[in-house]
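**Student:** Questions regarding the structure given below will be posed in turn.
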Amino acid sequence: MTVDAKQPFLKAIDELERTPRSANFYALRQTARTQFRELPFPTPRTEDWRFTSVAPVLQTPFEPARQASELNAALLPPPSAPDAVRLTFVNGWFAPKLSTLGQLPARIAIGNLAHAKLEETLQLARIAAADEQVFTALNTALIHDGAFVLVPDHVVVDRPIEFLYLALPGGEHLAITPRTLIVTGKNSRATLVERYLAVAGADDSYFTNAVTEIALGPAAVLDHYKVQQESLHAFHIANTQVVLGAAANFTTHYIALGGNLVRNEVRVRFEGQNAEATVNGLYLAAGKQHLDSYTVIDHAVPNCASHELYKGVLADQAHGVFNGKIFVRQDAQKTDAKQTNKVLLLSDAATINTKPQLEIFADDVKCTHGATIGQLDADQVFYLQTRGIPAEQARRLLTYAFANDIVSRIKIEAIRDQLENVLVQRNL
Amino acid sequence: MLTISNLHAGVADKKILRGVNLQVNAGEVHAIMGPNGSGKSTLAGVLAGREAFEVTEGEVLYEGKNLLAMDPEERACEGLFLAFQYPVEIPGVTNNYFLRAALNSIRKHQGKPDLDAAEFLKLVKEKIKILHMPDDLLKRPVNEGFSGGEKKRNEIFQMAVLDPKLCVLDETDSGLDIDALRTVADGVNALRRPDRAMVVITHYQRLLQYIIPDRVHVLSGGRIAKSGGKELALELEAKGYDWVKETEPALAGA
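Shown next, in the form of structure tokens:
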């Protein structure tokens, strides 16, 4: 089955290679093609994929997205901040007319990969290596366009940079392969938002296979957000891979609202001492959505701290998966790692598989992990009712309260507001 | 305002209330006293609409309407307020958000427009002072990390904001030291009005030194065993609940 499932993708890779395009990344694509061919697709027997079957993805005949048609700017969501910089991609292709660069410090290099200079993409496919993850290999073998930003040493970017990946499926089953590269220099500071969004009304199935590479230099600070709001017919498989230099401070929030079948991987690796990572996530699923969050935090060096909090709200027959791995390597003494997964089940038919994993090879470390699964507290619902709040509103308010310790940490007001609206209004 | 007739209620297979009769008129404060297990909190729970209690017989009329047919939120919107014996903590929801949602829900029921944030703030700032609540109260999550006394004061504070017609105070005095008790009682007294009635449920006579009731009832064995004026509370304090229990058969037959 694996070989057969790959054939359409290999064919697509080769077809794309024959179409006129930028010569950029040809070698990367060819290497990745070989890796893709050799790596197996996960099966139910693959330990890290036990609870998520990719069979529906492999059984759909996807076509890689070609250059997208024009899109009415009125269909775009409001930006993450009034002064935000935004690069928009439609089906993975840069849409200059839908993008605004605005005012950025002059030395920042930002743009789309198809038009990047060679020296701007030196780290591409170096942070997220394609030799282990089959979907990363697939994305890399199809690299054509994408977003990049290079923040030089000591530069502070005072407004959010937003990469907006719009899906505009129509008629055919599109495979969209967004690619993002974020490299920040010594002592730099930036805020970056990735948004994955379906254009309203899109009800064809499509497959987003996204890879994001992030490297923080020494003492760099990056506040990163990923808002996944694909259509309810979409498959979304993504790998966000992060490396942190000494004393870097990285915060990421993954917000999952959309998608039919979603697997979101976040891998953070400490490569310099005294760095700190906050890895948070919030997934809200209803209907028959399947949302899988997979994280790996690799304490490869001593004296680093990681804080991880994932919260899930599952309604109807939704299925959530949380798999959180923390590695503390033998050298990584004085590691401080904390991981928590909390899930709220709003229906008896909703399910969660949660699997926290600590693998510790050092002896002088502080590591904790825990998972809780619960339902709404009937006493709290009743208390709110006795104050005049209708039962349904009370349940939403309590759901909001559950999610609030993630929401309240989000520093971008527009994302916070959006989430508050979803939590208070959506019938989870 | 409130007429309870032959009310029987319990949980699952246990009968707790066995024929309660009570008439409370506007402007009156009624105290309901009784030993542990006499059904005081069950009565409060039944009035507020707690699902766990099943009413097997009797009726409760509130302003002429069948109270027992209403959802808890409808009762609240119609002007019933229960001050909980054990106020519930709601982490993640601020008092501000919670109270405004509650008040606007009640106002909607009354056909009034929502209060906006500024109007609401003006209203609650006045009430905060009356109850000596900390200034940061509104920003704090509902009851989370509150001391026992703060939780009880917060109940009365909510009562002041929501402006109910019928207040049921379920052992509001339990767990309070004397200063907190005074603050709560002062708050309650400030809310006494000719068009508002109060039912004060308590185990001890102590609270009734500060909130002077018009009528005192003793609940025992699931029914009102004795009723009287405020002096009945003192008599109970002197003689103990056994006194009521001993005389109960005669009273019940009377």
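The listed protein sequences correspond, in order, to chains A and B. Under numbering that gives the first Met the number 0, the first residue of the first sequence is numbered 0, with each subsequent residue one higher. Under numbering that gives the first Met the number 0, the first residue of the second sequence is numbered 0, with each subsequent residue one higher. Here a beta-carbon is modelled for each residue, glycine too, at the ideal position from N, C-alpha and C.
For the stretch 9-20 of chain B against the stretch 213-227 of chain B, do three or more pairs of beta-carbon atoms, one drawn from each stretch, fall closer than 8 Å, so that the two count as touching?
**Tutor:** Yes, since at least three Cβ pairs between the stretch 9-20 of chain B and the stretch 213-227 of chain B fall closer than 8 Å, the two stretches touch.
**Student:** Can you tell me whether DSSP reads Ile209 of chain B as helix, strand or coil?
**Tutor:** It should be noted that the sequence gives Tyr, not Ile, for residue 209 of chain B. Coil, per DSSP.
**Student:** Can you tell me whether DSSP reads Met0 of chain B as helix, strand or coil?
**Tutor:** It is coil, neither helix nor strand.
**Student:** Output, in chain order, the set of chain A residues within a Cβ distance shorter than 7 Å of Glu72 of chain B.
**Tutor:** Going along chain A in sequence order, the residues near Glu72 of chain B (Cβ under 7 Å) are Gln384, Gly387, Ile388, Pro389, Ala390.
**Student:** Could you list which residues in chain B have their beta carbon closer than 8 Å to that of Phe24 of chain A, in chain order?
**Tutor:** Within 8 Å Cβ-Cβ: nothing; Phe24 of chain A doesn't reach chain B, min ~46 Å.
**Student:** Tell me which same chain residues have a C-beta within less than 7 Å of the C-beta of Ala43 of chain B, skipping the five on either side of it?
**Tutor:** Cβ within range, chain order: Leu81, Val167, Asp169, Ile200.
**Student:** Going residue by residue through the stretch 45-96 of chain A, where are the continuous alpha helix (DSSP H) segments of at least 4 residues, counting only ones entirely within it?
**Tutor:** Correct list: 54-57.
**Student:** Between Gly331 of chain B and chain A, is there a C-beta pair that is closer than 7 Å?
**Tutor:** In the structure as shown, chain B begins at 0 and stops at 253. Residue 331 of chain B is therefore absent and cannot be evaluated.
**Student:** In chain A, which residues lie less than 7 Å from Leu81 of chain B when you measure between Cβ atoms?
**Tutor:** Per Cβ cutoff of 7 Å: Thr385.
**Student:** My output table needs one value for Phe134 of chain A: the three-state DSSP class, helix, strand or coil.
**Tutor:** Three-state result, Phe134 of chain A: helix.
**Student:** With respect to the beta strand (DSSP E) encompassing Lys335 of chain B, which residues constitute its N-terminal and C-terminal limits?
**Tutor:** With chain B represented from 0 up to 253, any question about residue 335 of chain B goes unanswered, as that position is not in the structure.
**Student:** Grouping DSSP H, G and I as helix and E and B as strand, with all else coil, what is Gly33 of chain B?
**Tutor:** Gly33 of chain B falls in the coil class under three-state DSSP.
**Student:** Under 8 Å, CB to CB, which of the residues in the stretch 135-148 of chain A have a partner in chain B?
**Tutor:** Hits within the stretch: zero.
**Student:** If you check the beta carbons only, do Thr207 of chain A and His235 of chain A fall under 7 Å apart?
**Tutor:** Closer than 7 Å, so yes.
**Student:** Rounded to the nearest angstrom, what separates Lys365 of chain A and Ile31 of chain B at their Cα positions?
**Tutor:** Going from the Cα of Lys365 of chain A to the Cα of Ile31 of chain B covers about 55 Å.
**Student:** When burial is assigned at 16 or more other CB atoms within 10 Å of the CB, is Glu229 of chain A buried or exposed?
**Tutor:** Buried is the call here.
**Student:** Do the CB positions of Gln374 of chain A and Leu344 of chain A come within less than 7 Å of each other?
**Tutor:** Yes, the Cβ-Cβ distance between Gln374 of chain A and Leu344 of chain A is below 7 Å.
**Student:** Using 8 Å as the cut-off, can you tell me whether the stretch 238-255 of chain A makes contact with the stretch 270-289 of chain A, which would need three or more C-beta pairs spanning the two stretches below that distance?
**Tutor:** Touching, yes.
**Student:** To be precise: take each residue of the stretch 360-380 of chain A, compare its Cβ to all Cβ atoms of chain B, and keep it if any distance is under 7 Å. Which residues remain?
**Tutor:** Here the close residues are Asp378, Gln379.
**Student:** Under DSSP, the beta strand (DSSP E) around Tyr164 of chain A begins and ends at which residues?
**Tutor:** Tyr164 of chain A -> beta strand (DSSP E) spans 160-166.
**Student:** Starting from Arg262 of chain A, trace the beta strand (DSSP E) in both directions and tell me its first and last residue.
**Tutor:** 260-269 is the extent of the beta strand (DSSP E) around Arg262 of chain A.
**Student:** Are the Cβ atoms of Ala179 of chain B and Gly148 of chain B separated by less than 7 Å?
**Tutor:** Cβ distance < 7 Å, so Ala179 of chain B and Gly148 of chain B count as in contact.
**Student:** If you measure beta-carbon to beta-carbon, which residues of the stretch 159-172 of chain B are closer than 7 Å to chain A?
**Tutor:** If the cut-off is 7 Å between Cβ atoms, the stretch 159-172 of chain B has Leu161 near chain A.
**Student:** Helix, strand or coil: how does DSSP classify Asp169 of chain B here?
**Tutor:** Residue state, collapsed to three classes: strand.
**Student:** Starting from the Cα of Pro71 of chain B, find the closest Cα among B:Gly63, B:Gly91, B:Val45, B:Glu62 and give me that residue.
**Tutor:** That would be B:Val45, whose Cα lies nearest to the Cα of Pro71 of chain B.
**Student:** Compile a chain-ordered list of the residues in the stretch 103-128 of chain B whose CB is closer than 8 Å to at least one CB of chain A.
**Tutor:** Under the 8 Å Cβ criterion, the stretch 103-128 of chain B contributes Ser104, Ile105, His108.
**Student:** Check whether the Cβ of Asn403 of chain A lies closer than 7 Å to any Cβ atom in chain B.
**Tutor:** Chain B contact via Cβ: present.
**Student:** Quick one: grab the DSSP three-state call for Asn5 of chain B.
**Tutor:** In this structure, Asn5 of chain B counts as strand in the three-state DSSP scheme.
**Student:** Once the 5 residues before and after Val217 of chain B are set aside, which same chain residues still bring their CB inside 6 Å of it?
**Tutor:** Closer than 6 Å at the Cβ level, and outside the excluded window around Val217 of chain B, lie Met32, Gly33, Ala224, Lys225, Val243.
**Student:** Which word fits Asn35 of chain B, buried or exposed, when buried means at least 16 other C-beta atoms lie within 10 angstroms of its C-beta?
**Tutor:** Exposed.
**Student:** Looking at Pro385 of chain A: is its Cβ nearer than 7 Å to the Cβ of Ala47 of chain B?
**Tutor:** First, the amino acid is wrong: residue 385 of chain A is Thr here, not Pro. Yes.
**Student:** Would you kindly work out how many angstroms separate the C-alpha atoms of Ala336 of chain A and Lys310 of chain A, rounded to a whole number?
**Tutor:** Approximately 17 Å between the Cα atoms of the pair.
**Student:** Is Ala314 of chain A close to chain B, meaning its C-beta is less than 7 Å from at least one C-beta of that chain?
**Tutor:** Chain B, which has no Cβ nearer than 7 Å to the Cβ of Ala314 of chain A, makes this no.
**Student:** Where do the N-terminal and C-terminal ends of the beta strand (DSSP E) with Phe321 of chain A fall, by residue?
**Tutor:** Start and end: 318-327.
**Student:** Helix, strand or coil for Asn94 of chain B per DSSP?
**Tutor:** Helix, per DSSP.
**Student:** Once DSSP output is grouped into helix, strand and coil, what is the label at Met132 of chain B?
**Tutor:** DSSP places Met132 of chain B in coil when its eight states are reduced to three.
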